[in-house]
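Comments concern the structure below.
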Amino acid sequence: MDILVTGGAGFLGSYICQRLLELGHKVTAIDMASGEKIEHLMSDRKFTFIQDSVCDLSLMEHQMKNKEVLFHLAAIADPLKYVTNPLNVMEVDLLAAINTFKLAAENRTKIAFSSTSEVFGRNPDIPWKETDDRVLGATSVNRWCYSSSKAACEHFLFALHKQEKLPFIIYRFFNVYGPKLDDLGHGRVIPIFLKQFLHQEEVTVHGDGKQTRTFIYVDDAVDAVVRLAFCKKAENEVFNIGTDDECNMHQLAKTIKKVGGFKSKIKFVDYQQVFGKGFEDIPRRIPDTSKVSKFIKWKAKVSLEEGLRRTIDYYKKKKGL
Ligand SMILES: NC(=O)c1ccc[n+]([C@@H]2O[C@H](COP(=O)([O-])OP(=O)(O)OC[C@H]3O[C@@H](n4cnc5c(N)ncnc54)[C@H](O)[C@@H]3O)[C@@H](O)[C@H]2O)c1
């Protein structure tokens with residue numbers, strides 16, 4: 006198949022491109038980022054990389070032609086940006102996404118969309134099933150702009166299917182991690198902790214560290230993503246992609262310390278100090294993954310300790326340690 010992957014040079018995108026190429030598909034990746042994470046794919050004749058923005062409508066119009074499937078991953082996915090640059094979040098995660106979906110509809114291209122566990126907001130009734138309520142704060146609180154952008158995209162896909170019969174699939178990811186996640190010290194919690202550990206700095210856990218998340222190793226997530234994308238039965242459905250292995254942020258820091266053999270002290274810092282005023286964290290975030298298990302007989306295989314070991318080894322090697 007001829008496939009377009011936006012955000013293809015990002016963390017998940019790089020693994021998805023690789024898997025699609027292994028399956029024999031022709032893949033075009035569009036991303037603003039450098040091709041560092043996909044360097045190993047560049048020599049593949051079935052692979053094309055375009056370093057550009059999904060906000061460029063004429064580029065997207067041209068690249069959508071004859072594509073059978075669109076994996077739409079391009080997004081601002083760094084939690085700090087939700088509060089520091091909400092305009093950019095909404096331009097990319099909402100406006101550019103909807104424009105891309107319209108072009109896909111014109112071309113009758115199936116859409117595989119990367120959404121997020123953030124759409125559930127702070128619904129206290131966990132674990133969350135795909136059909137559970139969204140419980141969010143006021144629109145004056147910037148941190149919800151990412152959640153709302155992704156949710157609006159989901160609405161758009163349901164509407165496109167209802168009114169124009171365009172097939173789609175939606176993945177709601179719950180903290181996918183692994184080698185190449187983000188640059189050390191940036192983006193999401195694991196690379197931030199890891200940088201501090203590797204630099205022998207104090208490790209800063211936000212709040213009291215009791216907020217929990219579940220983590221899914223990238224190989225397990227990509228296995229589900231690609232199998233679902235080509236599963237007819239899974240069309241026009243939403244899937245939680247994650248594990249039910251709950252871990253609080255203090256435990257996460259302690260597990261990284263143990264697995265990596267690190268010495269740093271762990272300390273707690275106030276949210277406001279990091280995110281400024283108006284940040285609300287989500288106390289617990291746990292998916293019900295019975296739907297994906299049922300549809301494709303899938304279950305995550307890599308334990309948190311094993312996944313962290315592989316991730317830590319990658320970052321240590323990258324730093325020449
Ligand atoms: N990794 C996770 O745990 C997780 C959780 C929830 C949702 N998601 C979603 O999955 C997708 C992939 O996330 P990821 O973890 O690989 O993050 P990532 O930041 O590595 O990937 C996103 C990519 O989009 C690219 N991008 C941003 N703006 C762009 C633009 N204007 N034009 C072209 N490319 C642009 C970035 O350069 C980046 O490479 C995102 O849509 C994200 O919202 C990921």
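Numbering (my numbering), first residue to last: 6 to 326.
Cβ atoms here follow ideal geometry from the backbone N, Cα and C, with glycine treated the same way.
What is the rounded straight-line gap between the Cα of K72 and the Cα of S269? 49 Å
Count the other CB atoms, across all protein chains shown, that sit within 10 Å of the CB of T144; report buried if there are 16 or more and exposed otherwise. exposed
Compute every distance between the C-beta of D36 and the non-hydrogen atoms of ligand 1, then say whether any falls below 7 Å. At least one heavy atom of ligand 1 is nearer than 7 Å to the Cβ of D36, so yes.
Report the residue ranges of all alpha helix (DSSP H) runs contained in full by the stretch 85 to 157; include only those spanning at least 4 residues, in chain order. For the stretch 85 to 157, whole alpha helix (DSSP H) runs of length 4 or above, ordered along the chain, are 91 to 95, 102 to 112.
Just curious, the beta strand (DSSP E) that Q216 is in, first and last residue? No beta strand (DSSP E) contains Q216, which DSSP labels as neither H nor E.
E44 versus L326 - alpha carbon distance: 22 Å
Taking only three categories from DSSP, how would you classify V243? strand
Give me the residue from N90, K107, I116, P129 with the minimum Cα distance to T217. P129
Helix or strand or just coil, what does DSSP make of E310? helix
Where does E123 land, buried or exposed, given buried means 16+ other C-beta within 10 angstroms? buried
With a CB to CB cut of under 8 Å and the five nearest residues on each side skipped, what residues in its chain are close to Q68? L9, T33, I35, I55
In the DSSP assignment, find the alpha helix (DSSP H) that holds I195 and state where it starts and stops. 194 to 203
Using a Cβ-based criterion (distance less than 7 Å to any ligand heavy atom), does V59 qualify as near ligand 1? yes
Let me know the secondary structure DSSP gives V297 once reduced to three states. helix
What is the rounded straight-line gap between the Cα of Q205 and the Cα of F106? 45 Å
Under a three-way DSSP split, which group does H45 fall into? helix
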